[in-house]
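Trainee: Here the sequence shown is numbered in our numbering, starting from 2 and rising by one per residue.
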Amino acid sequence: MSRVYNFSAGPSCLPESVLQEAAAEMLDYKGSGQSVMEMSHRSKNYEPIIQDAEARIRKLMNIPENYAVLFLQGGASTQFAMIPMNLKKLGKAAYIDTGIWSDKAIKEAKKYLTVDVVATSKDKGYSYIPEVQKIEGDYDYGYICLNNTIVGTKWANLPEMGKRSDGTDIPLVADASSCILSEPVDITKFGVFFAGAQKNLAPAGVTVVIIRKDLITEFPDPLTPTMLDYKTHADSDSMYNTPPCYTIYIMGKVLAWIEANGGAEGMLKRNKEKADLFYNYLDKSDFYRSPVAKDSRSLMNIPFVTQETDPDKVTALNKKFVAEAAAAGLVNLAGHRLVGGMRASIYNAMSLDGVKALIAFMDKFAAENK
Ligand SMILES: *Cc1c(COP(=O)(O)O)cnc(C)c1O
């Protein structure tokens with residue numbers, strides 16, 4: 002069996018050593034005679050697994066005691082509703098529109114409160130991160146998507162958060178689904194920092210929500226479903242109901258792999274090396290190019306297009322690229338269906354060798370299709 006290089010935007014490749022460990026433990030986890038899939042979540046076998054995952058994420062991200070770490074279900078998309086439901090007090094929030102994921106969050110938030118879109122990069126197809134004036138006013142929170150998976154942009158500098166008219170700080174909420182633990186972050190800059198785990202941390206099924214404890218309110222709207230109330234999960238250490246046990250177990254192993262590879266700093270070094278190599282290649286190429294502004298480029302998701310401009314030829318060429326790449330063991334390189342072109346997602350688990358193999362293929366394809 003040979004494994005492919007998988008450039009999927011998510012679910013995405015996992016470190017091979019993690020898969021091997023999980024395979025070795027599949028039928029009998031540490032002498033328990035059971036698979037982790039089969040265990041009660043309230044058993045003495047399982048409890049250390051979830052506790053260990055939380056401890057590791059706290060250590061790797063330097064999360065202080067005044068933040069809760071929650072393991073929830075419903076994907077990052079459920080957070081689009083949970084955030085306004087739980088944080089609404091004044092009834093207004095500031096959102097920055099940097100693409101499809103922030104747009105979805107905006108649409109959902111509008112069901113619960115007034116949304117001010119204080120900046121957008123829609124004018125140029127979301128190919129850059131917009132300039133933002135200091136966010137000030139009577140907002141319950143400000144909201145950004147930290148890394149824009151589909152268009153390949155990321156926030157290099159966070160927007161400046163100002164105060165409300167009563168002098169209190171406006172918390173910043175960030176969707177970090179496609180960049181969590183890809184580089185160090187100062188978590189104290191955020192009120193809520195959340196991520197669907199299936200890009201950088203685990204298989205699909207768990208969403209990590211890191212939330213400042215003072216934002217977990219006693220009584221959101223009384224009609225808020227119990228499962229959508231942060232307090233429910235914070236009060237029960239993410240064990241109010243059955244958590245996604247196996248996904249959390251794999252996440253613990255991925256976190257251990259990150260730790261063994263230098264933690265968040267180590268990931269940044271690894272990711273920068275891969276991304277620099279790839280962007281340099283695109284910028285020098287007379288066949289391919291990056292559609293993203295240089296100061297806004299993601300380390301994780303790299304869309305690219307050919308320099309062909311005839312629309313009919315572009316479609317055929319992209320199709321040929323994706324098919325031939327797959328045949329060469331480089332899979333999932335089609336761009337998002339809404340933006341077209343190609344996209345290489347090079348999350349933490351993607352190796353430098355994978356990026357080098359992609360570049361070698363691209364060189365050959367360019368020579369054959371000039
Ligand atoms: C993938 C992704 C989502 C959606 O995650 P689900 O877990 O599928 O709901 C949201 N935001 C960003 C930035 C993503 O990359």
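Backbone N, C-alpha and C fix where the C-beta goes; we use that ideal spot for every residue, glycine too.
Since this is a predicted model, take the numbers as computed values, not measurements.
#1: Once you ignore the five residues that flank Phe191 on each side, which residues in its own chain have a CB closer than 8 Å to its CB?
#2: Could you spell out where the alpha helix (DSSP H) holding Lys125 opens and where it closes?
#3: Answer yes or no: do Ala77 and Phe194 have a C-beta to C-beta separation smaller than 8 Å?
#4: Confirm, please, whether the CB-CB distance from Ile50 to Gly253 is below 8 Å.
#5: Please tell me whether, using a cut-off of 7 Å, the distance from the CB of Gly92 to the nearest non-hydrogen atom of ligand 1 is below it.
#6: Distance, Cα to Cα, Leu359 vs Asp141?
#7: Where does Arg213 sit, in a helix, a strand or coil, going by DSSP?
#8: What I want to know is whether the C-beta of Gln1 ends up closer than 7 Å to one or more non-hydrogen atoms of ligand 1.
#9: Within 10 angstroms of the Cβ of Lys200, are there 16 or more other Cβ atoms? Answer buried if so, exposed if not.
#10: Ligand 1 and Trp373: does the residue's C-beta get closer than 7 Å to at least one heavy atom of that ligand?
#11: Is any heavy atom in ligand 1 found nearer than 7 Å to the beta carbon of Ser78?
#12: Just to confirm, are Leu396 and Leu216 a CB contact at a threshold of 8 Å?
#13: Below 8 Å on the Cβ atoms is my guess for Asn63 versus Ile188; work out the distance and round it to an integer in Å.
#14: Give, in chain order, every unbroken run of the alpha helix (DSSP H) that is at least 4 residues long and sits entirely within the region 214 to 252.
#15: In this structure, what does DSSP give as the bridge partners for Asp170?
#16: If I follow the unbroken beta strand (DSSP E) through Gly76, where does it start and stop?
#17: Do Tyr127 and Ala95 have their CB atoms nearer than 8 Å?
#18: Decide if Ala261 is buried, meaning its Cβ has at least 16 other Cβ atoms within 10 Å, or exposed.
#19: Which residues in the same chain as Ala326 place their Cβ atom closer than 8 Å to its Cβ, once the five residues preceding and following it in sequence are excluded?
Mentor: The structure says:
#1: Translated into positions along the sequence shown, residue 191 becomes position 190. Closer than 8 Å at Cβ, skipping near neighbours: Pro172, Leu173, Val174, Ala175, Ile211 and Arg213.
#2: The count along the sequence shown starts at 1 and reaches residue 125 at position 124. No alpha helix (DSSP H) holds Lys125; DSSP gives it neither H nor E.
#3: For this step, residue 77 is matched to residue 76 along the sequence shown. For this step, residue 194 is matched to residue 193 along the sequence shown. No, the Cβ-Cβ distance between Ala77 and Phe194 is not below 8 Å.
#4: Taking the sequence shown and counting its residues from 1, the one referred to as residue 253 is at position 252. Taking the sequence shown and counting its residues from 1, the one referred to as residue 50 is at position 49. A contact, by the Cβ cut-off of 8 Å.
#5: Taking the first residue of the sequence shown as 1, we reach residue 92 at position 91. No - ligand 1 has no heavy atom lying nearer than 7 Å to the Cβ of Gly92.
#6: As a position in the sequence shown, residue 359 is number 358, starting the count at 1. As a position in the sequence shown, residue 141 is number 140, starting the count at 1. Their backbone Cα atoms lie some 44 Å apart in a straight line.
#7: For this step, residue 213 is matched to residue 212 along the sequence shown. Correct three-state label for Arg213: strand.
#8: Nothing can be reported for residue 1, as the shown portion of the chain is limited to 2 through 371.
#9: Mapped onto the sequence shown, residue 200 falls at position 199. Buried, because 16 or more other Cβ atoms sit within 10 Å of the Cβ of Lys200.
#10: This structure leaves residue 373 out entirely; the chain is present only between 2 and 371.
#11: The residue labelled residue 78 in the question sits at position 77 within the sequence shown. Ser78: yes, Cβ under 7 Å from ligand 1.
#12: Because residue 396 is not part of the residues shown, which for the chain are 2 to 371, the question remains open.
#13: Sequence index remark: in the sequence shown, residue 63 carries index 62 (1-based). Sequence index remark: in the sequence shown, residue 188 carries index 187 (1-based). Confirmed, Cβ separation roughly 6 Å.
#14: 231 to 236
#15: Along the sequence shown, one-based indexing puts residue 170 at 169. Answer is Lys164.
#16: Against the sequence shown, residue 76 aligns to sequence position 75. Not the beta strand (DSSP E): Gly76 falls in the alpha helix (DSSP H), residues Gly76 to Leu88.
#17: As a working note, residue 127 is residue 126 in the sequence shown. As a working note, residue 95 is residue 94 in the sequence shown. Contact: no.
#18: On the sequence shown, position 260 is the one that residue 261 refers to. Classification of Ala261: exposed, given that the 10 Å Cβ count is below 16.
#19: Along the sequence shown, one-based indexing puts residue 326 at 325. Contacts found: Val332, Leu334, Leu359, Phe362 and Phe366.
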